[in-house]
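Structure first, commentary second.
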């Protein structure tokens, strides 16, 4: 978050999204937020495309934070900065002091971005949905973005037929302990034919 080149690296995701979508600007991009680095990179990438005339408008970028670690979105309005200790299972976005707060806020203000928070339960439910329905095993921090889209859908904030992108930023293998409550591990058996036959009954 301290190195400005980090943002320059992260912005490439916006170029890739634009290319993968057939050079169409998505209606919305849901981004998991901790320090504010990734969302700033997303904005910077689309801003570069906008300033060079490749696109003619910005997508709606939605910042999604865990309720237990929402020090960025909770401080977007107002003058002071209140720090609340972070408590969330989404470890990669668990941040007490968002180091890229000012840049993220500038982008959100400039391009009328939106933000929301999601609970740990909503994150786990989104993680399970991604795994069961799409075969994607992501870490809780990444699932927060999906939880944000689901919450928008429940609140009827997603227009029918709109093109929405959920940025899934990390593999579930990074944080296995957090998703343990969702796992139903099969019973281990001895490597014998009789054990296998018994199990298959």
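Residue numbers (our numbering): -7 to 193.
Virtual Cβ for every residue (Gly too), placed ideally from N, Cα, C.
The structure presented is a predicted model; accordingly, all values stated were derived computationally and were not measured.
Residue i, enclosing beta strand (DSSP E) - first and last residue
i           : result
residue 106 : 106 to 110
residue 22  : 20 to 24
residue 157 : 156 to 158
From the options, residue whose alpha carbon lies closest to that of residue i
i           : options               : result
residue 144 : -4, 22 and 3          : 22
residue 32  : 14, 150 and 93        : 93
residue 30  : 150, 132 and -2       : -2
residue 67  : 91, 121, 160 and -6   : 91
residue 82  : 176, 183, 141 and 130 : 130
residue 54  : 64, 40 and 13         : 64
residue 114 : 136, 45, 46 and 157   : 136
residue 79  : 50, 112, 51 and 148   : 112
residue 60  : 74, 52 and 86         : 86
residue 156 : 19, 100, 15 and 121   : 19
residue 38  : 70, 62, 2 and 174     : 2
residue 102 : 172, 110, 50 and 9    : 50
residue -5  : 27, 171 and 173       : 27
residue 119 : 173, 98, 107 and 95   : 173
Where residue i sits in the DSSP three-state scheme
i           : result
residue 57  : strand
residue -2  : helix
residue 187 : helix
residue 103 : coil
residue 73  : coil
residue 79  : coil
residue 151 : coil
residue 88  : coil
residue 40  : helix
residue 143 : helix
residue 138 : helix
residue 177 : coil
residue 66  : helix
residue 114 : helix
residue 31  : helix
For residue i, the residue or residues it bridges with in DSSP
i           : result
residue 52  : 20
residue 163 : 130
Run of the alpha helix (DSSP H) containing residue i, from where it starts to where it stops
i         : result
residue 5 : 4 to 12
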